[in-house]
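The numbering of the sequence shown is this note's numbering, which starts it at 2 and goes up by one. A virtual CB, placed ideally from N, CA and C, is assigned to each residue, including glycine. Step one of this worksheet: look at the structure below.
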Amino acid sequence: MTDTQTLPHTAKRVIRHQATGLYFVEQEGGGWANSPDAATKYERLGTMVEVCRRFGLEDVDLVLKMEGGEPVEMVAIS
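See below:
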């Protein structure tokens, strides 16, 4: 099982662009979605940081916790 697969009992962390509020979708070349439900989910913070480096993502938030569809706990990456 890969880190990006959704597991019912694990954290569903996502990457969000600070200026646009769009959510990162890990695909060839990278992409963005309006909804966190459509974003790639990550289990580990280290994996999220590695993805940001690999895709050259800057000015993003690593969203660690969502409540009611809104980010409530984040780490900023510039």
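Quiz item: When we look at the beta-carbon of Ala40 and count the other beta-carbons within 10 Å, is it buried (16 or more) or exposed?
Solution: Flag for Ala40 reads buried.
Self-check item: Short Cβ contact (8 Å threshold) for Val52 with Ile16
Solution: When the beta-carbon positions are compared, Val52 and Ile16 come within less than 8 Å of each other.
Quiz item: Under the three-state reduction of DSSP, which class applies to Ala20: helix, strand or coil?
Solution: Note: Ala20 maps to coil in three-state DSSP.
Practice problem: Can you tell me which of Gly70, Leu65, Arg54, Glu74 puts its alpha carbon nearest to the alpha carbon of Pro37? | Solution: Nearest of Gly70, Leu65, Arg54, Glu74 to Pro37, Cα basis: Gly70.
Quiz prompt | Leu63 - DSSP class collapsed to helix/strand/coil | solution = Leu63: strand per DSSP, three-state reduction.
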